[in-house]
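Count the sequence shown with the working numbering and you get residues 9 to 93, in order.
Idealized CB from N, CA, C, for every residue including glycine.
For clarity, every value in this text was computed on a predicted model and none was experimentally measured.
What follows is one structure encoded as structure tokens, with my remarks underneath.
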Amino acid sequence: MLKVEIWSDIVCPFCYIGKRHFEQARAQFPHPLSVSWRSFELQKDAPKKQDGDLATRLSQKYGKSLEWAKAMNLQVTEKAAQVGV
């Protein structure tokens, strides 16, 4: 039996997209799997509550333009929709 250990942050949208990709691949895999899910905080010091909208926070965090942040949000939203998240 193949053992798979997955470390994921439940707050990260990319982790949800990756989880869905894994589920789709697993459904096509003909052999039994043993899957262990592990918790991993990508940003341990992130505040529990944040002010402002997401695009503004991302542009400030990464030192990018507001347009860049909006485009990234749209890209993540589209990827999530493609995999049913």
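- Here the region 10–25 lies against the region 41–53, with 3 or more beta-carbon pairs under 8 Å apart.
- For the pair Trp15 and Arg46, the CB atoms are nearer than the 9 Å cut-off.
- If the five residues before and after Gln58 are omitted, its C-beta is found closer than 7 Å to the C-beta atoms of Arg65, all from its own chain and listed in chain order.
- Residue environment analysis places Ala77 among the buried positions, since at least 16 neighbouring C-beta atoms fall within 10 angstroms of its C-beta.
- In chain order, Ile25 place their CB closer than 6 Å to the CB of Ala88, counting only its own chain and leaving out the 5 sequence neighbours on each side.
- Per the C-alpha coordinates, the member of Tyr70, Gly92, Lys69 and Leu10 positioned closest to His39 is Leu10.
- With contacts defined by Cβ atoms closer than 9 Å, His29 and Val91 form a contacting pair.
- Looking at the backbone, the Cα of Gly71 and that of Asn81 are separated by about 15 Å.
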